[in-house]
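Below: one structure, written as structure tokens.
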Amino acid sequence: MAQTINKDTLIGEIIAIDPGNAAILMSNGMHCPGCPASQAETLEEAAQVHGMDVDVLLKDINEYLAKKEA
């Protein structure tokens with residue numbers, strides 16, 4: 000069963016779950032997933048800071064993780 004990311008998942012956890020998630024964040028305009036400050040931010044907090052739609056990020060990340068499990 001694929002792990003599901005939610006709005007409260009920390010950026011550091013998202014990348015630890017699968018390093019490929021960093022590329023998804025970066026392709027959506029979040030160019031600092033390796034930044035030390037981002038490691039303690041939730042996905043929702045980081046999306047707000049960057050003016051991004053957290054639901055789009057969630058969809059992209061969870062689809063990616065689900066495909067890897069298939």
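Here numbering that gives the first Met the number 0 is used: the first residue of the sequence shown is 0, the next is one more, and so on.
The beta carbon of each residue, even a glycine, is placed where N, CA and C say it ideally should be.
Being a predicted model, the structure only gives us computed values, none of them experimental.
Contact between the region 47 to 54 and the region 18 to 33 is present: 3 or more CB-CB pairs across the two stretches fall below 8 Å. A straight-line Cα-Cα distance of about 16 Å links Thr41 and Lys58. For the 7 Å CB-CB criterion, Asn61 and Thr3 form a contact. Inclusion of Val53 and Glu44 in the CB contact set at 7 Å is not warranted, their separation being larger than that value.
Taking all protein chains shown into account, Asn20 has 16 or more neighbouring C-beta atoms within 10 Å of its C-beta and is therefore buried.
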